[in-house]
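Undergrad:
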Amino acid sequence: QKEVEQDPGPLSVPEGAIVSLNCTYSNSAFQYFMWYRQYSRKGPELLMYTYSSGNKEDGRFTAQVDKSSKYISLFIRDSQPSDSATYLCAMSENSGYSTLTFGKGTMLLVSP
Amino acid sequence: DGGITQSPKYLFRKEGQNVTLSCEQNLNHDAMYWYRQDPGQGLRLIYYSQIVNDFQKGDIAEGYSVSREKKESFPLTVTSAQKNPTAFYLCASTMDSGPNQPQHFGDGTRLSIL
Chain A
63 QKEVEQDPGP LSVPEGAIVS LNCTYSNSAF QYFMWYRQYS RKGPELLMYT YSSGNKEDGR
123 FTAQVDKSSK YISLFIRDSQ PSDSATYLCA MSENSGYSTL TFGKGTMLLV SP
Chain B
204 DGGITQSPKY LFRKEGQNVT LSCEQNLNHD AMYWYRQDPG QGLRLIYYSQ IVNDFQKGDI
264 AEGYSVSREK KESFPLTVTS AQKNPTAFYL CASTMDSGPN QPQHFGDGTR LSIL
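Structural data, given as structure tokens:
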């Protein structure tokens, strides 16, 4: 079983829609959860960063972590064509040193 | 502006040739990382370095080599032993090597075979 599962999409929505992106994971030791946005031919940029369970909001973006279900989500409100990108989830353990484990990314297309 | 600079943006390799990808950061970060990104595969860790003059293999280190002689530089060499080098290579850094550090990425180098 892969450590982090993420639907590759593409997910196509009209402008203004609410978007829900999700990842599931199997390693219960993961404590830090991140969402990155990657435009074509660019490096990933950090969007959201959360520790353990709960919600975090930043403008139109909300990140949710449900550790009991091993499930994380990123919600985008009032989606814009400029949100069209690949969204990668990433997570790490709370040990002395830990590398990130990435999902494969979900491609999002927001049409005007 | 502080950031990570990867060069070149595009690189072509001939059969049997070693090529080196450059990664420079001016963020004063201690730790640096190299990833390979293939379509449908996500990011896979090649090598990482927590401190100058020290580095560790990641999940797919075979056919690659690195050095970390300066804090700001972490070049990656793709050797002729890497039989399938065509991919998008990403360099990243974190302030230190602790588990709670989000990684900052460069804009990548796309390597292709001639």
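If you read the protein sequences in the order shown, they are chains A and B.
Residues 63 to 174, numbered by this note's numbering, are exactly what the first sequence covers, in order.
Residues 204 to 317, numbered by this note's numbering, are exactly what the second sequence covers, in order.
The beta-carbon is built from N, C-alpha and C at its ideal position, and this holds for glycine as well.
Please state whether the Cβ-Cβ distance between L224/B and T312/B is less than 9 Å.
TA: Annotated as proximal: L224/B and T312/B, with beta-carbon spacing under 9 Å.
Undergrad: Mind checking the region 99 to 110 of chain A against chain B and listing, in chain order, the residues whose C-beta falls within less than 9 Å of any C-beta there?
TA: Q100, R103, K104, G105, P106, E107 and L108
Undergrad: Under 8 Å Cβ-Cβ, which residues of chain A neighbour P211/B?
TA: Within chain A, not a single residue places a beta-carbon under 8 Å from that of P211/B; the smallest gap is close to 13 Å.
Undergrad: Return the chain-ordered list of same chain residues with a C-beta closer than 8 Å to the C-beta of A91/A, the five sequence neighbours on each side being excluded.
TA: E155, N156 and S157
Undergrad: Which residues in chain A sit within 8 Å of G205/B, going by Cβ to Cβ distance?
TA: Ordered by position in chain A, no residue passes the 8 Å Cβ test against G205/B, which lies about 14 Å from the chain.
Undergrad: For R99/A versus T148/A, is the C-beta spacing smaller than 9 Å?
TA: yes
Undergrad: List, in order along the chain, the chain A residues whose C-beta lies closer than 9 Å to that of P288/B?
TA: Within 9 Å Cβ-Cβ: nothing; P288/B doesn't reach chain A, min ~18 Å.
Undergrad: Could you give the distance in angstroms between the alpha-carbon of V255/B and the alpha-carbon of S141/A?
TA: 43 Å
Undergrad: In whole angstroms, what separates the C-alpha of W97/A from that of Q285/B?
TA: 30 Å
Undergrad: Against chain A, does H307/B count as a neighbour if the rule is that its beta carbon must be under 9 Å from one of theirs?
TA: Between H307/B and chain A, the shortest Cβ-Cβ separation is below 9 Å.
Undergrad: Per DSSP, what kind of secondary structure is S144/A in: helix, strand or coil?
TA: helix
Undergrad: Per DSSP, Q126/A is paired with what?
TA: According to DSSP, Q126/A bridges with N117/A and S135/A.
Undergrad: Could you pull out every residue in the same chain whose Cβ sits closer than 8 Å to the Cβ of G165/A, ignoring the five residues on either side in sequence?
TA: V66, E67, Q68, C85, L150, C151 and A152, listed in sequence order.
Undergrad: Per DSSP, what kind of secondary structure is G245/B in: helix, strand or coil?
TA: strand
Undergrad: Just the chain A side, please: which residues come within less than 9 Å of D310/B by C-beta, in chain order?
TA: R103, K104 and G105
Undergrad: Since I believe Y267/B is in contact with Q259/B (beta carbons under 8 Å), could you give me their beta-carbon distance rounded to a whole number of angstroms?
TA: With a beta-carbon spacing of about 12 Å, Q259/B and Y267/B fall beyond the 8 Å limit used to define contacts.
Undergrad: Using the Cβ count rule (16 or more neighbours within 10 Å means buried), how would you classify T175/A?
TA: For chain A, the structure presents residues 63 to 174; residue 175/A sits outside this window and is missing.
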